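The structure appears below as structure tokens.
Residue numbers (the UniProt record's numbering): 1 to 44.
Laid out in structure tokens, this is it:
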């Protein structure tokens, strides 16, 4: 997508993927939902 990410964001993503507990998966899904919504708003 060409979106720039910080090293902190990459490490957070890797950590969430490695943990993979049910609660973290729900949290990750919610974070992604909000991140996508923010991205859509920023594009307008």
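C-beta: ideal position from N, C-alpha, C; glycine also.
Quantities reported herein were computed from a predicted structural model and do not represent experimental measurements.
> Any idea what DSSP makes of residue 2, helix, strand or coil?
Replying inline: coil
> In chain order, what residues of the same chain have a beta carbon less than 7 Å from the beta carbon of residue 16, not counting five sequence neighbours either side?
Replying inline: 24 and 28
> Over what stretch of residues does the alpha helix (DSSP H) that includes residue 44 continue unbroken?
Replying inline: Per DSSP, residue 44 belongs to no alpha helix (DSSP H) and is neither H nor E.
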